[in-house]
Every structure is written in C-alpha cells, then in structure tokens.
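Below: one structure, written as structure tokens.
Protein chains: 2
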Amino acid sequence: MSMQTRKARTIVENNEFKQTAEAVKPTFYKEEKSPEHVITTYQDKDAIHGWNLRKEGGWEDQKEQAYGKNDSFIVDFKDHMVGYVTLSLKPVGSPPDAPLHLKLIFGEMPVEVSEPFDQYDGWLSSSWLQEEAIHVDVLPTQITLPRRYSFRYLKITVLDTSPKYKVVFDQIACETITSADFHRVPTLNHPDPQLAEIDRISVKTLADCMQDIFEDGPKRDRRLWLGDLRLQALANYETVQNNDLVKRCLYLFAAVPNQKGEVAANLFIEPKLIADDTYLFDYSLFFTTTLHDYYQATNDIQTLQDLWPTALAQVENALDRLSEDNIVIDDPSWWSFIDWQEQLNKQTASQAILIYALKKATEMAKIITDPKLNWLEEKLTTVTNAAIEKLWDKEQGFFISGEDRQVSWASQIWMVIAGVFDKEKNKKLLHHLLEENPTVGINTPYMYHHLVEALVISDNRELAIKYLIGYWGKMVDLGADTFWELFNPEDLTFSPYGSHLINSYCHAWSCTPTYLIRKYNL
Amino acid sequence: MSMQTRKARTIVENNEFKQTAEAVKPTFYKEEKSPEHVITTYQDKDAIHGWNLRKEGGWEDQKEQAYGKNDSFIVDFKDHMVGYVTLSLKPVGSPPDAPLHLKLIFGEMPVEVSEPFDQYDGWLSSSWLQEEAIHVDVLPTQITLPRRYSFRYLKITVLDTSPKYKVVFDQIACETITSADFHRVPTLNHPDPQLAEIDRISVKTLADCMQDIFEDGPKRDRRLWLGDLRLQALANYETVQNNDLVKRCLYLFAAVPNQKGEVAANLFIEPKLIADDTYLFDYSLFFTTTLHDYYQATNDIQTLQDLWPTALAQVENALDRLSEDNIVIDDPSWWSFIDWQEQLNKQTASQAILIYALKKATEMAKIITDPKLNWLEEKLTTVTNAAIEKLWDKEQGFFISGEDRQVSWASQIWMVIAGVFDKEKNKKLLHHLLEENPTVGINTPYMYHHLVEALVISDNRELAIKYLIGYWGKMVDLGADTFWELFNPEDLTFSPYGSHLINSYCHAWSCTPTYLIRKYNL
Numbered sequence: 005m006s007m008q009t010r011k012a013r014t015i016v017e018n019n020e021f022k023q024t025a026e027a028v029k030p031t032f033y034k035e036e037k038s039p040e041h042v043i044t045t046y047q048d049k050d051a052i053h054g055w056n057l058r059k060e061g062g063w064e065d066q067k068e069q070a071y072g073k074n075d076s077f078i079v080d081f082k083d084h085m086v087g088y089v090t091l092s093l094k095p096v097g098s099p100p101d102a103p104l105h106l107k108l109i110f111g112e113m114p115v116e117v118s119e120p121f122d123q124y125d126g127w128l129s130s131s132w133l134q135e136e137a138i139h140v141d142v143l144p145t146q147i148t149l150p151r152r153y154s155f156r157y158l159k160i161t162v163l164d165t166s167p168k169y170k171v172v173f174d175q176i177a178c179e180t181i182t183s184a185d186f187h188r189v190p191t192l193n194h195p196d197p198q199l200a201e202i203d204r205i206s207v208k209t210l211a212d213c214m215q216d217i218f219e220d221g222p223k224r225d226r227r228l229w230l231g232d233l234r235l236q237a238l239a240n241y242e243t244v245q246n247n248d249l250v251k252r253c254l255y256l257f258a259a260v261p262n263q264k265g266e267v268a269a270n271l272f273i274e275p276k277l278i279a280d281d282t283y284l285f286d287y288s289l290f291f292t293t294t295l296h297d298y299y300q301a302t303n304d305i306q307t308l309q310d311l312w313p314t315a316l317a318q319v320e321n322a323l324d325r326l327s328e329d330n331i332v333i334d335d336p337s338w339w340s341f342i343d344w345q346e347q348l349n350k351q352t353a354s355q356a357i358l359i360y361a362l363k364k365a366t367e368m369a370k371i372i373t374d375p376k377l378n379w380l381e382e383k384l385t386t387v388t389n390a391a392i393e394k395l396w397d398k399e400q401g402f403f404i405s406g407e408d409r410q411v412s413w414a415s416q417i418w419m420v421i422a423g424v425f426d427k428e429k430n431k432k433l434l435h436h437l438l439e440e441n442p443t444v445g446i447n448t449p450y451m452y453h454h455l456v457e458a459l460v461i462s463d464n465r466e467l468a469i470k471y472l473i474g475y476w477g478k479m480v481d482l483g484a485d486t487f488w489e490l491f492n493p494e495d496l497t498f499s500p501y502g503s504h505l506i507n508s509y510c511h512a513w514s515c516t517p518t519y520l521i522r523k524y525n526l
Numbered sequence: 005m006s007m008q009t010r011k012a013r014t015i016v017e018n019n020e021f022k023q024t025a026e027a028v029k030p031t032f033y034k035e036e037k038s039p040e041h042v043i044t045t046y047q048d049k050d051a052i053h054g055w056n057l058r059k060e061g062g063w064e065d066q067k068e069q070a071y072g073k074n075d076s077f078i079v080d081f082k083d084h085m086v087g088y089v090t091l092s093l094k095p096v097g098s099p100p101d102a103p104l105h106l107k108l109i110f111g112e113m114p115v116e117v118s119e120p121f122d123q124y125d126g127w128l129s130s131s132w133l134q135e136e137a138i139h140v141d142v143l144p145t146q147i148t149l150p151r152r153y154s155f156r157y158l159k160i161t162v163l164d165t166s167p168k169y170k171v172v173f174d175q176i177a178c179e180t181i182t183s184a185d186f187h188r189v190p191t192l193n194h195p196d197p198q199l200a201e202i203d204r205i206s207v208k209t210l211a212d213c214m215q216d217i218f219e220d221g222p223k224r225d226r227r228l229w230l231g232d233l234r235l236q237a238l239a240n241y242e243t244v245q246n247n248d249l250v251k252r253c254l255y256l257f258a259a260v261p262n263q264k265g266e267v268a269a270n271l272f273i274e275p276k277l278i279a280d281d282t283y284l285f286d287y288s289l290f291f292t293t294t295l296h297d298y299y300q301a302t303n304d305i306q307t308l309q310d311l312w313p314t315a316l317a318q319v320e321n322a323l324d325r326l327s328e329d330n331i332v333i334d335d336p337s338w339w340s341f342i343d344w345q346e347q348l349n350k351q352t353a354s355q356a357i358l359i360y361a362l363k364k365a366t367e368m369a370k371i372i373t374d375p376k377l378n379w380l381e382e383k384l385t386t387v388t389n390a391a392i393e394k395l396w397d398k399e400q401g402f403f404i405s406g407e408d409r410q411v412s413w414a415s416q417i418w419m420v421i422a423g424v425f426d427k428e429k430n431k432k433l434l435h436h437l438l439e440e441n442p443t444v445g446i447n448t449p450y451m452y453h454h455l456v457e458a459l460v461i462s463d464n465r466e467l468a469i470k471y472l473i474g475y476w477g478k479m480v481d482l483g484a485d486t487f488w489e490l491f492n493p494e495d496l497t498f499s500p501y502g503s504h505l506i507n508s509y510c511h512a513w514s515c516t517p518t519y520l521i522r523k524y525n526l
C-alpha cells in the first residue's frame, strides 16, 4: 500500500447521493461509564499475549489516592468502551508551582498497558497506538480529551508534578458513543449459555463499530470498508436494525466511484467524503451483494433503483477481468483481499465471489426488470461453468487456484458459498476439506465467518456450531469483551502487521456470530 | 521547598482589593509572526551551552516541503516570542489512512532544540520543558495549540504518518501577546550603540514578561513574584508605563495576606487568586518599597492610602525578627532570598533590606501623616546603628554576615543601597569590594542589578557602565534576544536547578538595564 502503487484515477462525484447519505445521518446513543477496578498486569504464559491482570481494589475506594512523579496506575472499565474520556484533577499539597505532565495509554487488551509502545516496530503506523502526553497548566481542572478512544484499560502515568504537590484523579469517566440502539435487539433466550454469550459479545462488537458510519474497528482504522460493511449489515438486520445506517453507507460509496464506475474499497468521511485510492476486486463486488441484502431486509425499492446502476457497474467491471476461458485473470495488476493469508492465491476465491455477486445481481435485475437480466443470467452460467471446468480438480476433489494449482481453504469455502455445486456435493467438499486440512488455512474471523456459513448452508449444522464455538468461544475463554480483528487459535500472537499491539480488538468483521446464530437458528 | 516545610497559615482575604485589581485588568497587544529561517544546530564550544546554529534557507522557500516518519526540522522566528502557535497541516500522497503523530519542542535557546529532554534531571519539574506530542486524526487541518509558549526556535518531528502520505506545514504562526504598549516607550537615541542595544533588549524582556500580571518569566514560572515585580515596576515607569499593571499586582498581593498580615512571596492567579505558601523576609519587604516607588511614579494617593496598612505590616513583621541587639535573627526558621548563591549567608543583606524598606516606609508615613511616623524613624535609626555596630568589621573594611562572619558581595552591595554610610564611604566600600573580590560572589542578573545601582548611587558612574556592559553586553554578544534568568560569565552552564535546559531565558529581574540607563542617564 505504498504511495508508488497509486494509479491515476478520476472521481465522478454524485451530489444527490451525498445529500441522501447526509439526510440519514444517525442518532447517537451515549452513556457515562466509570472504572470499576484498579488493576495491575503480570506475565502469564497461559493468558492471551502472555499478560494477565490482578484486581487491586475498587476504583471508588482508591480514587482519593494522590500521585506524584513517576507514579502510575491502571483502571479497568470492565467492558469495552468507545467514547470520550473526562478526567477531573485536583492538586494536594502546596498550590501547583509547575505544570502537571501526564501520560495516558488506552488499551483494549492487557498487553497494550503492559508492553512499552516505544518498542513497537510493526508496519502499520505507530500513530494508531492509543497514547497521549498532556500538560495541565492550571489545577484543579476537568479535561475532556478531544479524541475518541477504544479501550477497556486506561494506564495513567504522572510524568511530573513538582516536589510541592501531588495530584488526585477525582473522577475518570468515559462517555460511550454508538449509533446502535440496544433496545431494538430482539431477545434471544438461547438455551446454550456459550452461544448466548457469543451472541451478546457479537452485538456489543457490532454496536461499538457503529458510529457515524459502520467503522471497521473503533481503534483502527475507524473507517468504512466494504468487506466489513457487508457483514455488519447482515448482523445489523438481525439485531439493532439501524437499516438507515446501511443505506447511508451504500449511498456514500455510490457517491464517489472512479471513472470506470468502480467503488473504492473504503471511504474517508472527514474532513470530507473521499474515496481511498485502494480498489479490491472482491470488495467492489460486495457493494452489489450488500445492496441486495439491504433490499431483502427493507424492501426499500427507491434505494434499489437509485443504486442499481452502481451495483451493476461492479459486476461489469469484474467481468472485464475475465480471460478467454472466463476465469478471473490472476496477474500482478490486480488486488483481491479474501483473507490476511500471505500464501493464499486469490484467483479461485475471487471467481467464486464473482459468481456469488452475479447471482445477487440477477435477483435484483429481476426486481428492477432490467433489460440486462438475460445477459446477467448468461454470464452467471458461463462463469459458473468455467469455474467447474477450469478450477475443479476432480482427482483431488478440490478447487485449485492460480498457476500453481494451489489448494486452499478459502477457495473451497467461497465456492460453496457461491453455490457452484448442489448442497450434497458442497457438504462432501467441506467434509473433504476438514479431513484433508490443506496447509493454506484461514487466519481471520472474517474467513471463519465464511467457513461457518458455508457449513450451515450445506447442511452441516453441527459442524458449523462446533467451529463457531471452537473459534469465537475460544476468544471468550481468553477474555474477549468484543471480538478481535485477528485470531489464530494456533498462534495467539498472530498479526499480519508485525505486532499484536497494533491489532484491533473490536472489529466489525468479527461480529457475525449473532447473524449466524439468529439467521440460521444455531 | 518540599511539602514538609509548609506551615499552618490562614489567608485573610480582602474582596475589595480583589475587585480593585480586577477592575484594572490589562489590555493585550497581539501580533502575528512567522518563522524566518529553517535552521540546524551544531556543537560549538564557543557558543552559549556549546550549541550554535546554521541557516538552512528562508522558511517561505521551504514551507512546501513534505515530511514523513522520523523527519524533523527547526524553524527560527528570529526573535523571542511569547504567544500561541497555530499550525496549518495538509497531507500529500494518498488520503491519510492513519493519524499524524507530531512532537513539538519550543526553545528560547539553541540548546533546548538540540539536547534531548528525556535526559533532563534537574530539580525543577521537567513539566516546564516546553514540549508536546500531538495526534491529528483529520487532515488537512489548522491547529491552534491551547498552551502559551515562550520561544524563538520550534523543532517539529514527525513521529509517524503512514507509508501512504506525508505532511506539509502550510503555515506556522505565533500570535504574540503582551500587555506592554511599545508605543509608549520614550525614544532613547543613545549615542552608545552597545547601551542602546542593551536598552532595546531590556524593554523586549520586560514586555514579554508583561501579561495578565507581571510574570517572572514567560517560560517559567509564569508567576507574580514580589522580587521581580519590584524591578519590573521600576523598568516599567521609564518605558512602557503600564502603571495600572503595577497597581493591579500590588492590590493582588494585599488581597491575600496571612493572619499576621504578611504578603506571600508569590501569587497564583489561575484558577483563582491563591497566595503561595512561600514567605521570604526580603520579598515581603519589597511590597513596601514597591508601593513607595509606585506612588513616586504616579502620585496615586488613593492606592497609597488603601495599601499603606499592608506596607506597614511587612515592616512590623520584619522588625519582629530582630534580636535584642536589633539584628535580624539568623536561624533555621526563616528564609530570605537575596540571590541564587548557595554559600551566601543572608543575615546582613536582609538587615540592609529592612533598613531600605524602613526608609521608604518612613517617607510614606510622612505623606499619609501616619501616627507611627516617629516610631518608624526611631526604628530606622536603631536598626541602622545596630548594623554599623554589630555587622561592620572596621578591620576588614567590610560588613560581615552570620555566625561565621562571612564577607560576601551581596552584604556590601545591599548595605550601600540601604545607605547606611554616606556616599563617600560607600564609594570606598565598593572599590574595596571590587579590589578584594571576596569569594562569595553574585550569580544572577538580579544581584548584578543591585551592584550596578549601588555603583551609580555612590558616584561610580564609569564603573557602573563598565559592569553593566560587561555583564548584559556579554549576554548580547552570546546572542540573547531577551535577558536571561541566570548568567555567570565565568560559568556559562550555571544553573541553580541542576540543568541549563530548565533556566528561563527571558526573565523579569534581568530587564533592569533600561531602568538604570534611563533613570540615571548612563
């Protein structure tokens, strides 16, 4: 993603779409929260990232404590917070004869308040690490920090006061913010407490990512990505039902396509609407599928009519990448996301996503009675047949991908979701996958979601539940308050960014268990 | 000054005095300034603190430069600034996909932007070091930093952006602030360019310390100290003539005395008027002398009448410290400032300051026709005679101080200013002092002021000019834009705080050459 990869492009803005998006800006729900405990962290090889925590007493009992130079403490809010932090500070001793210098570190996970940030050397910007150094010239005072944080733990270090005074933290509070209304979530009453808990944490994860837009993660990137939006929207329909927020995000994407009509992989909302210069084959197609799902959930025909041309354009652009054999061309000029998995060849999963999107497009074309319906249906048949003909390896019983005929989990999973084969054959394919366990596996909750959904729709309910509990349940066991961006049960330190400090621990694409549980009555 | 030294005390507030002080809050004069050059600093053993600077080009020519991770640069505003800084930032490259993390260091002197602050280990709070680390979530933007800085150099380090973008500093500006009106300064036209330059820098120093009150230093402590106020007021009458600011400060001190009527050595103005818990024998007496000087400059009889009881109380409290021999008692229970000079015994200088203050008090008592006039005159005689009888060492031809009969510069200088002897004898005493050069010398511009004034009033004009040029002129030669809190020509790294990084380089008590030059036509 270096600057060198940028290509020339022109953004074709649609002001009407922008205004429609503006008109459905969300209402925010706010709540004031206080820390529950003062804690310390300690090394524990069985804990996630090797850090466990110990309660040192209730915050209310300790908040009159006075802190001087180099003193520090960690407060635990007992749940994941997204919001704005206020500190009330008062001096004790002589009148403060020098400024107060404080360091604040916000952590979603114990590791963030335990390992020093200055040793971070991952490849994502260190500016995502949530820390502040602030000077306070006048005490007592109340400070509301201007930035929004995503955290459960707050470590405060007094860098300096003066020998004449110390400081008391009269009040530490977080005003949480979300555009999710928890009152709209239908009661689940699930008989299995483990699934009930996974559902609860999924809804919490979704809500903490629902802000002015659907963010991918409130810690990082705080941005509207299409791959996340698609899954958030699905979870949203089953729970908090802020369907206008989905509508808003779809109109935003459609408002700033490039000269070929492609929607960007993600958008910046501030200081104004800007399409990022990253375009992903799969993410663009998810615009089409997300519009389809939105219409299914809402019957909002006006939005469907407005955005259909954009949805169609994504499919048309994707079809332009087909070889003479009707297979998605795999060369250095393209980029498809699929998963954080370095070894993965993305050709076959991309072909499957094209098929999946073509099906949704065909359904929408029927509703709209678009003259291109027949053409779309023909393309769907062609592309599906090509997949079976060119990518299916009968001998191995697996879809292969790329020049090296790679067998990966992702290729099989997406071909099942695309419905290239019938249910029976899909069921067999997945059993074969689980048995053979090809080395190019899956790394993210995002791909685990697709695995579980593939199992469900191919009549593998029990296996689906097993994998759902085995994966998200493991995060719960490890203390997750919200579900994590990255989780590899075999490697708890996994990060595609070179450091688990920079991972997001409340991430949209991990919120889907509530969708899977509720939609499919798991 | 640790917390253990605090004594029980009660503040007796006078609300009328507070309101009078409030009624003469100053007008502020503001000006927008930009950097002139980009500079680098380099080690040079002949430069002050071992750091010299090199111009790397005009700021205007370089301000379109884009900076990425770990890039840094230093801008030079070409003069001392006190004010609020605004940065206009714009990204170049892809849309910023991560926050910008900046470090700012403000330096009055090259050393501050050259040596790392994290190695500071002086005994004043490191929170005085002028640095900020800030995150910027949305670009482009304009940021006005909320704190006021005192600086000439600003070092900006980009701690991180992201690989996708860099940052350009479109504009860097400082809105300077002062309550001094330079238009009121009478033209000097001094024939000696060196004295003219010293005068100019003195006025600049005074002006930069004139804010809502007379501050001791705009970098540190930004506070109203009586020892500084006395000298600032004297310089003010000869130059910018904001006499109401002197009046305001006098009423503030008088508004919060303790139960014995003592005024504190310094006041805090924010968040509300608070008397510091430091009381200094000499500083309290300077309330009395400052009121006297104010009346001399303004003929404001109302203020004299209002504040006379406070002025008298300082003298009465000081007289309470006399031994049966009528000498100020020197024991561990008291504190007199005199100078930053660890070896100095302060008894004799304090006795001299008491005599000096008694004289001013007697003059005021005459104007007020206070019934205590006779009593004051008697005390003046008693205390003066005691000084000659007990502290004058005829053999040595010096005043001695303390149990160890210490001979110091400060004792002689203050006894001359107190006028214990006549002009002729004082002249001889000072010649003797300069010849003998006792080891307990003087360290601060504050004491150099008293040396020069002592020389002037004992008819040593040429010597006075020599010392004035030799001391303040040396600071000019070393590149001073404003005069420094501490300066020992024999030890350029001198700091009573364990590090020259924390020294203030624009300090009120150093602004007096303009007073000396103009008042005495030097």
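Heads up: the sequence lines are chains A and Z, in that order.
Using the working numbering, the letters of the first sequence map in sequence onto residues 5 to 526.
Using the working numbering, the letters of the second sequence map in sequence onto residues 5 to 526.
Built from N, CA and C at the ideal position, the CB exists for glycine as well.
(request) Starting from the C-beta of Z/Ala-3, find all residues in its chain whose C-beta is less than 6 angstroms away, skip the five residues before and the five after it, and write them out in chain order. (result) One cannot answer for residue 3 of chain Z here, as it falls past the ends of chain Z, which runs 5 to 526.
(request) May I have the straight-line CA-CA distance separating Z/Leu-199 from Z/Thr-209, to the nearest angstrom? (result) Answer to the nearest angstrom: the Cα atoms are 15 angstroms apart.
(message) Do Z/Pro-30 and Z/Gln-215 count as a contact pair if the criterion is CB distance below 9 angstroms?
(response) Their beta carbons are under 9 angstroms apart, which means Z/Gln-215 touches Z/Pro-30 by this criterion.
(message) Would you say Z/Glu-274 lies against chain A (beta-carbon separation less than 9 angstroms)?
(response) At least one chain A Cβ lies under 9 angstroms of Z/Glu-274.
(message) With distance defined between alpha-carbon atoms, name the residue in A/Ile-521, A/Asn-74 and A/Ile-181 nearest to A/His-453.
(response) Ranked by how close their Cα comes to the Cα of A/His-453, the residues A/Ile-521, A/Asn-74 and A/Ile-181 have A/Ile-521 in first place.
(message) What does the alpha-carbon distance come out to for the pair Z/Gly-72 and A/Asn-193?
(response) Using only the alpha carbons, I get a separation of about 53 angstroms.
(request) Measure from the alpha carbon of A/Ser-183 to the alpha carbon of each residue in A/Gln-175, A/Thr-161, A/Ile-160 and A/Val-207, then state which is nearest. (result) When A/Gln-175, A/Thr-161, A/Ile-160 and A/Val-207 are compared, the shortest CA-CA separation from A/Ser-183 is found for A/Val-207.
(message) Quick check on A/Gly-72: does DSSP put it in helix, strand or coil?
(response) Coil.
(message) Nearest by alpha-carbon distance to Z/Trp-344: which of Z/Leu-490, Z/Phe-32, Z/Gly-61 and Z/Asn-270 is it?
(response) Ranking Z/Leu-490, Z/Phe-32, Z/Gly-61 and Z/Asn-270 by Cα distance to Z/Trp-344 puts Z/Leu-490 first.
(request) For chain Z, find out if any of its Cβ atoms is closer than 9 angstroms to the Cβ of A/Val-171; answer yes or no. (result) Not a single C-beta of chain Z is nearer than 9 angstroms to the C-beta of A/Val-171.
(request) Please classify Z/Val-260: does DSSP put it in a helix, a strand, or coil? (result) Secondary structure of Z/Val-260 (DSSP, three-state): coil.
(request) Just mark Z/Arg-10 as buried or exposed, buried being the case when its beta carbon has 16 or more other beta carbons within 10 Å. (result) Any reading at Z/Arg-10 must be qualified, since the residue scores a pLDDT of 49, below 50, and its modelled position is unreliable; no value is offered.
(message) For chain Z, check one thing: does any of its Cβ atoms lie closer than 9 angstroms to the Cβ of A/Ala-102?
(response) True, the Cβ-Cβ gap to chain Z drops below 9 angstroms.
(request) Would you identify the three-state DSSP class for Z/Lys-37, choosing helix, strand or coil? (result) In this structure, Z/Lys-37 counts as strand in the three-state DSSP scheme.
(message) With a threshold of 9 angstroms between beta carbons, is Z/Thr-293 in contact with chain A?
(response) Not an interface residue.
(message) Any contact between the segment 132 to 150 of chain A and the segment 83 to 102 of chain A? By contact I mean 3 or more CB pairs, one from each, below 8 angstroms.
(response) Yes, they touch.
(message) Give me the chain Z residues within the contact set of A/Leu-128, using Cβ-Cβ distance strictly less than 8 angstroms, ordered along the chain.
(response) Those are Ala-102 and Ser-166, listed as they occur along chain Z.
(message) If the cut-off is 9 angstroms on Cβ atoms, which residues from the segment 13 to 30 of chain Z count as contacting chain A, listed in chain order?
(response) Per Cβ criterion, the list is empty.
(message) Quick check on the DSSP output: the alpha helix (DSSP H) that includes Z/Ala-317 runs from which residue to which?
(response) That run of the alpha helix (DSSP H) goes 305 to 323.
(message) Between the alpha carbons of A/Pro-336 and A/Lys-350, how many angstroms are there, rounded?
(response) Their Cα atoms are separated by approximately 12 angstroms.
(request) Mind checking which residues open and close the alpha helix (DSSP H) that includes A/Thr-443? (result) Per DSSP, A/Thr-443 belongs to no alpha helix (DSSP H) and is neither H nor E.
(request) Give the straight-line distance between the Cα atoms of Z/Tyr-124 and A/Leu-230, rounded to the nearest whole angstrom. (result) Straight-line Cα distance between these residues: approximately 49 angstroms.
(request) Identify the contact partners of Z/His-105 in chain A, using a Cβ-Cβ distance below 8 angstroms as the criterion. (result) Simply Ser-129, Ser-130 and Ser-131.
(request) Please confirm if the segment 288 to 301 of chain Z is in contact with the segment 250 to 258 of chain Z, defined as three or more CB-CB distances below 8 angstroms between the two stretches. (result) A contact exists between the segment 288 to 301 of chain Z and the segment 250 to 258 of chain Z.
(request) Thinking A/Ser-38 and A/Ala-177 are a contact (beta carbons under 8 angstroms), I'd like their distance in whole angstroms, please. (result) At roughly 6 angstroms, the Cβ-Cβ gap stays under 8 angstroms, so A/Ser-38 and A/Ala-177 are in contact.
(request) Please state whether DSSP places A/Thr-302 in a helix, a strand or coil. (result) Here A/Thr-302 sits in helix by DSSP.
(request) Compute the distance between the beta-carbons of Z/Leu-104 and Z/Thr-165, then report whether it is under 9 angstroms. (result) Result yes, Cβ atoms of Z/Leu-104 and Z/Thr-165 sit closer than 9 angstroms.
(request) Could you work out which residues of chain Z lie near A/Ile-278, taking near to mean beta carbons separated by less than 9 angstroms? (result) Within chain Z, the residues near A/Ile-278 are Pro-99.
(request) With a cut-off of 8 angstroms on the beta carbons, I'd call A/Leu-326 and A/Lys-22 a contact; round off their distance for me. (result) A/Leu-326 to A/Lys-22, Cβ: 33 angstroms. No contact.
(request) Go ahead and label Z/Lys-170 buried or exposed: buried means 16 or more other beta carbons lie within 10 angstroms of its beta carbon, across all protein chains shown. (result) Buried.
(message) Rounded to whole angstroms, what is the Cα-Cα separation between Z/Gln-8 and A/Tyr-157?
(response) Note on Z/Gln-8: pLDDT 32, under 50, position unreliable in the model; the coordinate value appears next. Approximately 35 angstroms between the Cα atoms of the pair.
(request) Tell me, please, whether the CB atom of A/Pro-120 is closer than 9 angstroms to any CB atom in chain Z? (result) It does not; no Cβ of chain Z falls within 9 angstroms.
(request) Sort A/Pro-275, A/Ile-273, A/Phe-285 and A/Leu-238 by Cα distance to A/Val-267 and report the nearest one. (result) Across the set A/Pro-275, A/Ile-273, A/Phe-285 and A/Leu-238, the C-alpha of A/Phe-285 shows the shortest separation from the C-alpha of A/Val-267.
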